[in-house]
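Undergrad: Sharing a structure here in structure tokens format.
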Amino acid sequence: MLRDMIADLSAPQLPARWQRAAQVLWILVTLLALAFFIYEVNLSYSELLDAPLNLQKNLADHGISLRVYANYLTGLRSIYMLVHLVIAGIIIFKRPNERIAVFTAFFLVMLGTTFWPLAERVADQPDFWRLPRAIANLLMSSSLLIFFLIFPDGRFTPRWTKPVAVVMLGLLVIENFFPESKLNPQNNWTVGATLSLITMVIMVYVPVHRYRSMSNPVLRQQTKWVVYGISAAIIGFFIVTLPASFGISMEEGTTYGLISITGMMLSILFIPISIGIAITRSRLWDIDPIINRTLVYGALSFLTILFYVLTVGVFALYFRSNETNLVISFIATGVVAILFEPLRQRLQRAVNRLMYGERDDPATVLIRLSQRLDSALAPDSVLQTIVETLAQTLRLPYAAISLLDEEPRFASTRQLPPSELIHLPLTYQTERVGELILAPRAAGESFSTADMKLINIIAQQAGVAAYTVRLNNDLQKSRERLVTAQEEERRRLRRDLHDGVGPTLASLSQRIDTASEFVKSDPEKSVQLLKELKGQVKETVSEIRRLVYALRPPVLDEFGLVSAIREYVAQYSGPNGMTITFDVTEPLPSLPAAVEVAAYRIALESFTNIIKHAEASACQIKIKIENRSLLLEISDNGKGLSAESRAGVGRTSMHERAAELGGECVIENIPTGGTRVSARLPIGKE
């Protein structure tokens, strides 16, 4: 049955029909716990009024009556209880749908009304009170244990914590209801100390393990809050009790005894407050700056006190006269004042490095990035190195780089990216080449000015690397297209030779044999066959010329680029045709064969589009040499491109022919009417 009760707690949501019942039950439990608290406080108050003589003497020396002291401690305990109850009430009425919230509300009630860490239990308890006290101890101890094992999502993780909880709860039952039993670990000091140590280790290990294994940012922040509250309470205890190690009396009834009790109580209240913030998610994302400042100024306070005490102690060894106390204090204060600011800056840098990475030291980051990039040979590994370095440097859960409109291919982790992402453009010489995708350290958090400064520095390097990767990808695609085109051309030639020229030549051979057989027996039939063979040979020669023309137009070798274009367009000009004008650099130098073929094909495709679609009456063709590039421009005065027109095979082939040579081809409408095709083809140094 106990195992079933624990299993139910692992479900995260409470059914709607039970939410109101849980609130009513919480009110009843709270009233019962308040009655328990009031009665036990009365017992404790009576015990305080019958204080030992040394406590009465300490109070009398400080002018404090025993009743005032008892009222003060009772007031502190009441404040402790009220804080727990108020936070528990906020939780149960704000988050009644979450089982972990309902459980926490009951847990805080028990912790606030039955547990007072700053005083021993009432010594002279009535016999009838021992059973309620045992029940209260069991409920408080078991709820405390289970809370640390299931927070923040209400599930036992790792799974082995569930049987551990069952065993621990069984031991708590024995400890509270059967204290004289041999199974009670408190009856054996070694066993009790070992179990207590194991329990503390488990209660520390489980939250840390859950935090590292959880991907949900809300649950991670909730864990941070609770861990922060516990850490702040421990640090508060340490600071309050630190003067005792230097001989300052903390005995009950003394001035510092009262101060220490008050400080301890305030420190303990960090725990319920942090739990309330974590459960209700109130200002949940402010935890990181709070942790940062707490670590810096907590450590600074501790070191300042330590330096002051050490300085006073060192000087006191050499100057024992009472007249020098003021001088020693003055010197110690001066030493602390001199060390304060450098110490604060160093602590701030250390804490920033711990929480935010090395954002405050961009020079070190860039040196490390440069060293890692030197070892990255492949262009793709350069971008992968950049995102990994950025994520490690700024302690980011996710970083990635995408090229243009592609999905992110370079990511710092294989896990799914958080829902909140920041997209920053990557540019190279004002050209956008991709984007940098970053996830904040926590949901709802934004990058600070220091973060953005380092991100912008790394983004500049990433922009250059992304541009290099894009060029490499374009080169690879161009090579693939070139190889594909070559193979397609070979396939076409093989098909044409195999299906066309090959069978024709085989037929010619057979018919020649037939004609030779008729030379003596039927000369006239032989002559007739030879005449037919002559016509078939002419057709075969034409087919071979067609195949050769498809590889490279012979007219380019015979007349050159300009004359070949003139020859092609001449059939469409004349008195009733189109007005065609040429603007050509004369004399045109010898061009690479690939450039000639690309320019010729682009010109013919452009002119064919004009004839078929433009309805133009005039066309101008420009062929120029500028900056070691062949500039080809064909413009007309036709109707231009419509807004709905899409690039077909012809227009796509023009772009591809120019891109294969490292050039570009632009097709656009002319403001005055018509279309302009502009191609730039590099001709190299030769």
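Heads up, the working numbering is the position in the sequence shown plus 378, with the first residue counted as 1.
Each residue gets a CB set at the ideal place from its N, CA and C atoms; glycine is no exception.
#1: At what residues does the beta strand (DSSP E) containing A817 begin and finish?
#2: Should I421 and P530 be called a contact, given that it needs their Cβ atoms to be closer than 8 Å?
#3: Roughly how many whole angstroms lie between the Cα atoms of Q838 and R857?
#4: Does the distance from the C-beta atom of I657 to that of R473 stay below 8 Å?
#5: Starting from V1065, follow its DSSP beta bridges and name the residues at the other end.
#6: Are the Cβ atoms of R889 and L911 separated by less than 8 Å?
#7: Among Y950, E921, V975, L907, whose alpha-carbon lies nearest the alpha-carbon of G938?
#8: Hey, out of T568, A996, G635, whose CA is closest to L437's CA?
#9: Is the Cβ-Cβ distance between P1060 and G1040 less than 8 Å?
#10: By a C-beta neighbour count over all protein chains shown, 10 Å radius and 16 as the cutoff for buried, is D428 buried or exposed?
#11: Thinking C-alpha only, which one of I552, E813, W507 is nearest L516?
#12: For T452 and chain D, any beta-carbon pair shorter than 8 Å?
#13: Between V915 and S904, is the Cβ-Cβ spacing less than 8 Å?
#14: With A996 and D1014 assumed to form a contact (beta carbons below 8 Å), what rounded beta-carbon distance in angstroms separates them?
#15: Anyone know if the C-beta pair for S790 and Y806 falls short of 8 Å?
#16: From this set, R455, P563, K602, which residue's C-alpha is nearest V582's C-alpha?
#17: Kindly give me the distance between the Cβ atoms of I836 and I764, rounded to whole angstroms, as I take these residues to be in contact under 8 Å.
#18: Hey, could you find the ends of the alpha helix (DSSP H) H1033 is sitting in?
#19: Beta strand (DSSP E) containing A1021: first to last residue?
#20: Given S699, which residues of its chain have a CB within under 8 Å of its CB, disregarding the five upstream and five downstream residues?
#21: Grab the span of the alpha helix (DSSP H) containing N1047 for me, first residue to last.
#22: Given F556, which residues of its chain have a CB within under 7 Å of its CB, disregarding the five upstream and five downstream residues?
#23: M643: buried (16+ other C-beta within 10 angstroms of its C-beta) or exposed?
#24: Can you list, in chain order, the residues of its chain whose CB lies under 7 Å from that of L1054, leaving out five sequence neighbours each side?
#25: Return the first residue and the last residue of the alpha helix (DSSP H) that R889 is part of.
#26: Please report the straight-line C-alpha distance between A399 and A483, rounded to a whole angstrom.
#27: Mind reading off the beta-carbon distance from V811 to L781? Whole number of angstroms is fine, and I expect it under 8 Å.
#28: I'd like the ranges of any beta strand (DSSP E) spanning at least 3 consecutive residues and lying wholly in the stretch 419-486.
#29: Cβ atoms of I989 and Y950: under 8 Å apart, would you say?
#30: On the three-state DSSP scale, how would you describe Y950?
#31: Helix, strand or coil for S968 per DSSP?
#32: Mapping DSSP to helix, strand and coil, what is W396?
#33: Return yes when the Cβ of L799 is within less than 8 Å of the Cβ of E813, no when it is not.
#34: How far does the beta strand (DSSP E) with Y634 in it reach, from first residue to last?
#35: Does the Cβ-Cβ distance between I478 and G654 come in under 8 Å?
#36: Can you list, in chain order, the residues of its chain whose CB lies under 6 Å from that of V962, leaving out five sequence neighbours each side?
TA: For this structure:
#1: A817 -> no beta strand (DSSP E), and no H or E assigned at all.
#2: Checking the sequence, you will find Leu at residue 421 rather than Ile. It is not a contact, given that the beta carbons lie outside the stated cut-off.
#3: 29 Å
#4: yes
#5: Residue 1065 falls outside the range modelled here, since the chain spans only 379 to 1064, and no answer is possible.
#6: yes
#7: V975
#8: G635
#9: yes
#10: exposed
#11: I552
#12: The question asks about chain D, but that chain is absent: this structure has only one protein chain.
#13: no
#14: 7 Å
#15: no
#16: K602
#17: 7 Å
#18: 1027-1038
#19: Premise fails: A1021 is in no beta strand (DSSP E) and is neither H nor E.
#20: With a pLDDT of 49 at S699, under the threshold of 50, the modelled position of this residue cannot be trusted, and the question is left open.
#21: N1047 -> not in any alpha helix (DSSP H); beta strand (DSSP E) instead, spanning 1042-1047.
#22: N562
#23: buried
#24: According to the sequence as given, residue 1054 is Arg; it is not Leu. Within the same chain, R1054 has close Cβ partners E1011, S1013, E1046, I1048.
#25: 880-899
#26: 14 Å
#27: 7 Å
#28: none
#29: yes
#30: helix
#31: coil
#32: helix
#33: no
#34: Looking at the DSSP string, Y634 is not in any beta strand (DSSP E); the run it does join, the alpha helix (DSSP H), is 633-646.
#35: no
#36: V940, I1001
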